[in-house]
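Worksheet: the structure to be examined is printed underneath.
Residue numbers (this note's numbering): 253 to 421.
In structure tokens form, the structure reads like this:
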């Protein structure tokens, strides 16, 4: 019986290069998305202009600029009720998602959070970008999907927890 993050063999047994590649295939994606989201969140938290309601580089100004061209203006209106609060929620969410992804801790939940952040940004901030492939939020949304489906089977706290559970049984 195969468990989470195993290939059905015992610890220390030889594996083929193909098995190793499959087991670790999502690791570069995890590292990229994790670092990118932690960086994006920290960048927002350290930019004093970002949390303002008005002014260049502010979340309020950005939301006002995209309101009429977004796919879901009601979501933008919700953000405009408290631009600073919305900005803090996005920044803290990005950091939490990034750390969870890097550590492989509750990785599917982290990937869901990353996908939801990317989806909300795509439907609001980058919806009007033409052609669509010039915007990056849709690409990030698609990048989260393999992690949402597969989790973090290697080099992760999830895999460590799963292996400990198997040993207890």
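We treat Cβ as the ideally placed atom computed from N, Cα and C, and that holds for glycine.
Provide the residue span of the alpha helix (DSSP H) that contains residue i, from first to last.
i, result
"residue 392", "389-402"
"residue 344", "335-355"
"residue 377", "No alpha helix (DSSP H) contains residue 377, which DSSP labels as neither H nor E."
"residue 415", "409-420"
"residue 317", "311-318"
"residue 285", "279-297"
Would you kindly check if the distance between the Cβ of residue j and the Cβ of residue i is under 7 angstroms?
i, j, result
"residue 377", "residue 366", "no"
"residue 346", "residue 292", "yes"
"residue 389", "residue 408", "no"
Distance, Cα to Cα, residue i vs residue j?
i, j, result
"residue 386", "residue 420", "50 angstroms"
"residue 285", "residue 353", "7 angstroms"
"residue 300", "residue 274", "43 angstroms"
"residue 276", "residue 307", "45 angstroms"
"residue 382", "residue 417", "49 angstroms"
CB-CB under 6 angstroms to residue i, same chain, minus the five flanking residues each way: which ones, in chain order?
i, result
"residue 256", "Low confidence applies to residue 256: its pLDDT is 47, below 50, so where it sits in the model is not reliable, and the reading given next is rough at best. Closer than 6 angstroms at Cβ, skipping near neighbours: 414."
"residue 304", "310"
I'd like the list of long-range same chain contacts for residue i, defined as Cβ closer than 7 angstroms, with 5 residues on each side in sequence excluded.
i, result
"residue 406", "257, 275, 276, 279"
"residue 268", "none"
"residue 395", "281, 285"
"residue 343", "293, 296, 297"
Taking 8 angstroms as the limit between beta carbons, can you name the residues of its chain near residue i, skipping five residues before and five after?
i, result
"residue 290", "346, 347, 350, 351, 354"
"residue 287", "350, 354"
The stretch 318-333 touching the stretch 349-363, judged by at least three CB pairs closer than 8 angstroms: Segments in contact, no.
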